[in-house]
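Trainee: Residues in the sequence shown are numbered from 10 upward in steps of one, following our numbering.
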Amino acid sequence: MHYISLLYAKLINSYAKCIIGVCKMNGKVQFGENWVKVNDSIFYTTPYGVQVLKAWYGRKKRYDIDAPEEYIIETLEYLAKAFSLLNPQNRGEAENFLSILEDADAYTDFRIKEVIDRIYANRNANTWVREL
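1) Alpha helix (DSSP H) containing residue 60: first to last residue?
2) List the DSSP bridge partners of residue 53.
3) Since I believe residue 61 is in contact with residue 100 (beta carbons under 8 Å), could you give me their beta-carbon distance rounded to a whole number of angstroms?
4) Looking only at C-alpha atoms, which of 64, 52, 50 sits nearest to residue 104?
5) Residues in the same chain with beta-carbon distance under 7 Å from residue 111, minus the five sequence neighbours each way, listed in chain order, please.
6) Once the 5 residues before and after residue 31 are set aside, which same chain residues still bring their CB inside 7 Å of it?
7) Using the Cβ count rule (16 or more neighbours within 10 Å means buried), how would you classify residue 86?
8) To the nearest angstrom, report how far apart residue 57 and residue 90 are at their CA atoms.
9) Residue 84 lies in the alpha helix (DSSP H); which residues open and close that run?
Written out as structure tokens, the structure reads:
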């Protein structure tokens, strides 16, 4: 019984941290109000995008027990990059984008990640040039 009480207290503590705006899922992943941190990179998107990505990550961690942690994190990074480019304007749009991105990942034998990486890198390079 005491063990269950400790688990419950830990769960409430984690939930409280999420309410104040920072959810740390593990050492490599964090969620804020309008950002997702994967490894050492921060990707900014809308709160709707963060909500959908956080739910996706939670489902993967709970139910896809055969998937290695590194694969889940790599996929989250791809999705976070894409969401930072797409900036969904509501939850439905964010869920639709997630569905499209997951399908594209599977249909292209995971090569879509290279395309998203290139687009993201080019966008960031253009931002740096404009700032100079």
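Where is the CB? At the ideal position from N, CA and C, for every residue including glycine.
Mentor: Taking the structure as given:
1) According to the DSSP assignment, residue 60 belongs to the alpha helix (DSSP H) that extends over 56–72.
2) According to DSSP, residue 53 bridges with 44.
3) Right, their Cβ atoms sit about 7 Å apart.
4) Nearest C-alpha to residue 104: 64.
5) Contacts found: none.
6) No answer about residue 31 holds up, because its pLDDT of 48 lies below 50 and its placement is not dependable.
7) Within 10 angstroms of the beta-carbon of residue 86 lie 16 or more other beta-carbons, which makes it buried.
8) Whole-angstrom Cα-Cα distance: 14 Å.
9) From DSSP, the alpha helix (DSSP H) with residue 84 extends over 78–95.
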